[in-house]
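*Asks:* A single structure is presented below for examination.
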Amino acid sequence: MSERMPMVAGNWKMHKTAGEGAILVQRIEERVIRLWDRVELVVCPPFTALKSVSTVIELDRLQIGLGAQNVHWEDEGAFTGEIAPRMLVELRCGYVIVGHSERREFFGDTNETVNKRIHAVFDNGMVPILCVGESLAIHEAGGTESFVRGQVRAALEGVTTEQAERLVVAYEPIWAIGTGRTPTPEMANDIARSIRATVGALHGPGVAQSVRVLYGGSVKPENARMFLSEPDVDGALVGGAALEADSFADIAESAL
Ligand code: PGA
0 MSERMPMVAG
10 NWKMHKTAGE
20 GAILVQRIEE
30 RVIRLWDRVE
40 LVVCPPFTAL
50 KSVSTVIELD
60 RLQIGLGAQN
70 VHWEDEGAFT
80 GEIAPRMLVE
90 LRCGYVIVGH
100 SERREFFGDT
110 NETVNKRIHA
120 VFDNGMVPIL
130 CVGESLAIHE
140 AGGTESFVRG
150 QVRAALEGVT
160 TEQAERLVVA
170 YEPIWAIGTG
180 RTPTPEMAND
190 IARSIRATVG
200 ALHGPGVAQS
210 VRVLYGGSVK
220 PENARMFLSE
230 PDVDGALVGG
240 AALEADSFAD
250 IAESAL
C-alpha cells in the first residue's frame with residue numbers, strides 16, 4: 000500500500016465569479032467535512048475568485064487547499080495581463096496548475112515555458128500540478144508513453160530532488176478532456192506508472208514513491224472509483240464535474 004495521500008483537485012477553468020466561487024467552496028465544505036484527513040481536496044478557481052475563495056477558506060477554517068490555474072515565471076515586471084507567483088502566495092495559494100493542455104493549445108505554453116513556470120512555483124514555496132497528456136493522433140499511433148515521458152522530463156529540467164518530491168503530476172489525455180471519452184483505468188494506470196518511473200529515473204525511487212500522479216479527463220462520480228482504485232493513480236484532476244458541490248464531493252469520496 001502506498002503512503003501517498005489521495006488528492007482530488009477541481010479545475011474550475013473559466014467558470015465562477017468571485018461571489019459564485021465563495022458559495023461553491025462553502026457548499027463543497029458542507030459535503031466533505033468527514034473526508035478531511037483522508038483525502039486532500041484542492042480547488043483552482045480563476046484568478047479573480049482566488050481572493051474570495053481564500054477568504055472563505057480562512058474564515059471558516061476549511062481544510063481545502065487553494066490553487067491557481069496558471070502563473071508567470073518572473074517576480075514582477077512589464078507583463079501586461081500576467082500574474083506573478085508572489086501574488087498567489089499572498090492569497091494563500093498552495094498549488095498552481097502548470098501546463099494544462101488548454102494553455103498549451105490556445106495560449107502558447109511550450110515545454111520551455113512550462114519548465115520556467117515549474118521553477119517559479121517551487122521557488123516561491125508552492126507546489127505545481129504539472130499537466131501532461133497526448134493528443135488523439137499520438138494516442139492512436141501508440142506514442143502516448145514516450146510523448147508523456149518527454150513532457151515530464153522537459154518540465155522537470157533543473158528541478159532539485161527536494162522539490163521533485165513535492166510534485167503533483169496530472170495525466171490528462173487531451174482527447175478525454177470534456178469529451179466523455181476516457182482511457183480504461185488500466186491504461187491510465189500504465190501511464191501513471193510510467194510517469195512515476197520517469198521521475199524515479201531523474202530523482203531516485205524514494206521520490207518516485209512520494210510523487211502523486213492524478214488522472215484527469217472526463218472524471219465523473221460514475222467513473223471516479225474505477226480510476227482512483229488503480230495503484231499508481233493517486234487522485235483526480237476534475238474539470239466539469241468540479242463545478243457542482245455534490246459531484247465534486249462524490250468524486251472525493253471515491254478516493255477513500
Ligand atoms: P474535464 O476536464 O473533467 O471537464 O474533462 C479536466 C481538465 O481539463 O482538467
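Counting from 0, one number per residue, gives the positions in the sequence shown under numbering that gives the first Met the number 0.
Note that beta-carbon positions come from the ideal geometry of N, C-alpha and C, so glycine has one too.
Keeping to the same chain, check which residues put their C-beta closer than 8 Å to that of Glu89; ignore five residues upstream and five downstream.
*Replies:* none
*Asks:* Output yes or no for whether 8 Å exceeds the beta carbon distance between Gln68 and Pro45.
*Replies:* yes
*Asks:* In terms of residue numbering, what span does the alpha helix (DSSP H) encompassing Arg195 cover?
*Replies:* Where Arg195 is concerned, the enclosing alpha helix (DSSP H) stretches over 184-202.
*Asks:* Quick check: what's the CA-CA separation for Asp189 versus Ala77?
*Replies:* 43 Å
*Asks:* Quick one: what's got a C-beta closer than 6 Å to Ser209's C-beta in the same chain, skipping five residues either side?
*Replies:* Glu164
*Asks:* Check each candidate in Trp174, Gln150, His202, His14 and name the one with the smallest Cα separation from Ala136.
*Replies:* Trp174
*Asks:* Where do the N-terminal and C-terminal ends of the beta strand (DSSP E) with Met6 fall, by residue?
*Replies:* 6-10
*Asks:* What are the partner residues of Ala169, as DSSP defines its beta bridges?
*Replies:* Its beta-bridge partners are Cys130, Leu213.
*Asks:* Quick one: what's got a C-beta closer than 7 Å to Phe247's C-beta in the same chain, skipping five residues either side?
*Replies:* Gly9, Ile27, Val237, Ala240, Ala241
*Asks:* Indicate whether Ala196 and Tyr214 have their beta-carbon atoms separated by less than 8 Å.
*Replies:* No. Outside cutoff.
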